[in-house]
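Following: one structure in structure tokens, then a few remarks.
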Amino acid sequence: MIKAAMFTLKLEPELRDQFMAEAAASHQPASQLVREFMRSYIAEQQAARDHDAWFRAEVEQALREADDPATVFVPHEEVKAEWQRRRAMLVAAIDEARE
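Residue numbers -17 to 81, in my numbering, belong to the letters of the sequence shown in order.
Okay, here's the thing in structure tokens:
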């Protein structure tokens, strides 16, 4: 059996009373709700840190690639023309499907 640890928390009496009333209304112990909140908060924070680490690694990789002399850059006008061509093909396909 896991030994429980005590956690003391200061909060406004009105907040405590409202929380206890909502816990009672949902037929759940207040301590269970606090534990669930803590687990949820921990998971959210870990996910945010994991995403931040992933994003930073992606940016660093992109910067390395941009600084590599062997990197071939595609001019903006070429990219723009290609996407205009693709859009025109999709619009034509949609128009054809409507007929």
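Where is the CB? At the ideal position from N, CA and C, for every residue including glycine.
Inset, instruction - Check whether the Cβ atoms of residue 8 and residue -3 lie closer than 9 Å to each other. - result: no
Legend entry - Test item: CB-CB of residue 59 and residue 53 under 9 Å: no
Legend entry - Alpha-carbon to alpha-carbon, residue 11 and residue -1: 13 Å
Inset, instruction - Can you give me the Cβ contacts of residue 1 inside the same chain, cut-off strictly under 7 Å, excluding the 5 residues immediately before and after it? - result: 12
Inset, instruction - Please report the residue range of the alpha helix (DSSP H) in which residue -1 lies. - result: -5 to 7
Legend entry - Limits of the unbroken alpha helix (DSSP H) element including residue 35: 12 to 49
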